[in-house]
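Data first, discussion second: the structure below is written as structure tokens.
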Amino acid sequence: MAGRGHEETLIDALEVFDAVRPRLFGIAYRMLGSVTEAEDVVQDAWLRWQQTDRRQVRDPIGFLVTATARLALNAATSARVRRERYPGLWLPEPVDTSADPTLLAERNESLELAVLLLLERLTPAERAVYVLREAFDYPFRRIGEVLGIGEAHARQLGRRARTHLAQERHDPVGRTDHGRLLQAFLAAARSGDLGQLEELLAETATSHADGGGAVRAAPAPIVGRDNVARYILGLVRKYGDDLSLEIVEANGQAAILASRAGTAVALLTVDASPEGIERVLIVLNPEKLAQFRR
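This is the structure in structure tokens:
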């Protein structure tokens with residue numbers, strides 16, 4: 002009988018956990034920029050929940066959000082060290098949000114690859130405050146409780162994070178203009194039209210490519226519209242005539258997926274301002290493209 006009661010209690014615990022799991026993953030993923038690392042954090046949060054005397058927990062969702070945020074904060078600190086040893090440029094791991102729309106329940110901008118890349122420049126604590134505030138709309142008092150800091154300190158970290166991102170990023174264009182630019186970019190890449198591609202890029206455009214040591218990629222950012230345009234067309238030519246290019250959804254935005262024989266070889270996203278495409282992010286690392294295999 003005791004065993005039966007324990008089993009029912011675990012089922013109740015799982016129901017509570019499953020109801021909030023999308024939010025927990027959303028927090029961890031935005032904190033870490035890695036699907037695998039975020040899933041590990043969520044799994045650790047489940048273990049803590051499972052091992053806790055849940056009768057003493059008055060706010061189960063608050064408990065799980067706090068556990069996840071603190072676990073992600075610790076993981077972010079060690080991830081920074083690992084990324085210093087990463088072969089070449091590191092880009093966040095994209096997620097197929099058409100397959101997992103629960104991630105889009107919160108604010109989209111904090112999910113975009115370009116924003117996730119900029120968040121890497123923040124301290125883990127600044128990033129945690131930014132994610133909880135900007136993506137999940139938590140009040141600073143609650144953020145302070147989650148992170149174990151004072152409300153004033155949380156406000157200071159949030160202000161610092163927003164200021165840093167505002168300095169690093171141009172004003173982004175709306176969803177419609179972003180989609181139009183990406184479609185034109187795709188057409189120019191397909192046709193090999195260098196001039197057309199250059200016209201779409203801002204004068205100071207940059208490209209970042211992540212091969213993860215498994216695929217050859219530019220070891221440093223490429224700067225300038227002409228250099229970026231030539232690099233993009235060089236990549237298209239490298240993969241040959243059997244390369245398939247299509248528009249997919251990644252991180253809540255339209256992106257270009259390049260495939261050969263049904264295997265994803267690259268995912269390309271752009272960050273644009275009224276001046277044109279400012280950043281081109283190219284994920285070539287096969288481990289980061291697993292979700293986009295058709």
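Counting in my numbering, the sequence shown runs from 2 upward without gaps.
We put the beta carbon where it would ideally sit given N, CA and C, even for glycine.
Any chain B beta carbon closer than 9 Å to residue i
i	result
Asp-60	Structure shown: chain B not included; a single protein chain is present.
Alpha-carbon spacing of residue i relative to residue j, whole angstroms
i	j	result
Val-58	Gly-253	34 Å
Ala-291	Asp-172	31 Å
Ile-283	Leu-244	15 Å
His-179	Leu-114	14 Å
Val-66	Val-237	43 Å
Gly-277	Ala-185	11 Å
Gly-263	His-154	50 Å
Arg-5	Thr-69	In this predicted model, Arg-5 has a pLDDT of only 46, less than 50, meaning its place in the structure is not dependable; the value taken from the coordinates is given anyway. Straight-line Cα distance between these residues: approximately 29 Å.
Tyr-139	Ala-73	17 Å
Ile-150	Glu-288	36 Å
Gln-51	Ala-136	27 Å
Arg-181	Ile-248	12 Å
Asp-19	Ala-76	22 Å
Ser-208	Leu-187	16 Å
Pro-220	Trp-91	10 Å
Ala-3	Val-82	With a pLDDT of 45 at Ala-3, under the threshold of 50, the modelled position of this residue cannot be trusted, and the question is left open.
Arg-160	Arg-176	26 Å
Arg-56	Ala-167	44 Å
Leu-11	Pro-23	19 Å
Gly-196	Leu-158	44 Å
Leu-112	Leu-33	11 Å
Asp-54	Thr-37	28 Å
Asp-101	Arg-49	25 Å
Proximity to residue i [Cα-Cα], best of the options
i	options	result
Asp-13	Leu-246, Thr-69, Trp-47	Trp-47
Arg-217	Gly-225, Tyr-240, Val-224	Tyr-240
Leu-285	Ala-265, Gly-180, Arg-176	Ala-265
Asp-194	Asp-97, Ala-73, Ile-233, Ile-28	Ile-233
Asp-97	Leu-269, Glu-276, Arg-143	Leu-269
Tyr-87	Leu-15, Val-271, Ala-215, Ala-190	Ala-215
Arg-31	Leu-119, Thr-53, Ser-260	Leu-119
Glu-250	Ala-221, Glu-279, Val-229, Leu-183	Leu-183
Gly-213	Ala-259, Gly-89, Glu-146	Gly-89
Glu-169	Val-147, Leu-246, Val-116	Val-116
Thr-103	Leu-25, Ala-189, Leu-11	Leu-25
Pro-125	Thr-53, Leu-148, Ser-111	Leu-148
Glu-85	Ala-256, Gly-235, Glu-121, Arg-261	Glu-121
Ala-256	Ser-111, Ser-99, Leu-158	Ser-99
Glu-127	Asp-101, Glu-110, Thr-78	Thr-78
Span of the beta strand (DSSP E), counted from its first residue to its last, around residue i
i	result
His-209	202-211
N- and C-terminal bounds of the alpha helix (DSSP H) containing residue i
i	result
Ser-245	It is not in any alpha helix (DSSP H) - Ser-245 instead sits in the beta strand (DSSP E) that spans 244-251.
Gln-75	Before going on, a small fix: residue 75 reads as Asn here, not Gln. From DSSP, the alpha helix (DSSP H) with Asn-75 extends over 61-85.
Ile-150	Note, Ile-150: premise wrong, no alpha helix (DSSP H); not H, not E.
Thr-177	176-192
Leu-114	114-120
Ala-46	36-52
For residue i: DSSP bridge partner residues
i	result
Val-281	Ser-208, Val-271
Ser-260	Ser-245, Ala-265
Ile-223	Ser-208
Ala-126	Beta-bridge pairing links Ala-126 to no other residue.
Ala-255	Glu-250
Heavy atom of the ligand MG within 8 Å of residue i beta-carbon
i	result
Ala-256	Looking at this structure, you won't find the ligand MG or any other ligand, since it has none at all.
Sequence-distant residues of the same chain with beta carbon closer than 7 Å to residue i, five excluded per side
i	result
Val-17	Pro-61
Leu-123	Tyr-131, Ala-162, His-165
Ile-144	Val-130, Leu-133, Arg-134, Ala-155
Ala-29	Ala-39, Val-42, Val-43, Thr-69, Ala-73
Arg-191	Leu-246
Ala-210	Leu-90, Ala-218, Ala-219, Ile-283, Leu-285
Phe-293	Asp-97, Val-249, Leu-258, Ala-265, Leu-268
Asp-45	Leu-72
Glu-110	Val-116
Ala-189	Gln-197, Leu-198, Leu-201
Proximal residues to residue i (C-beta, below 6 Å), its chain only, five neighbours per side dropped
i	result
Arg-226	Glu-199, Leu-202, Glu-204, Ala-206
Val-21	Ile-62, Leu-65
Ile-223	Ser-208, Val-229, Tyr-232
Arg-280	Ala-115, Thr-207, Asp-272
Leu-15	none
Glu-152	Phe-141, Arg-142, Gly-145
Ser-260	Ser-245
Same chain, Cβ closer than 8 Å to residue i, five either side skipped, listed in chain order
i	result
Arg-156	Phe-141
Ser-35	Ala-80, Pro-93, Glu-94
Val-174	Leu-182, Ala-273, Ser-274, Pro-275
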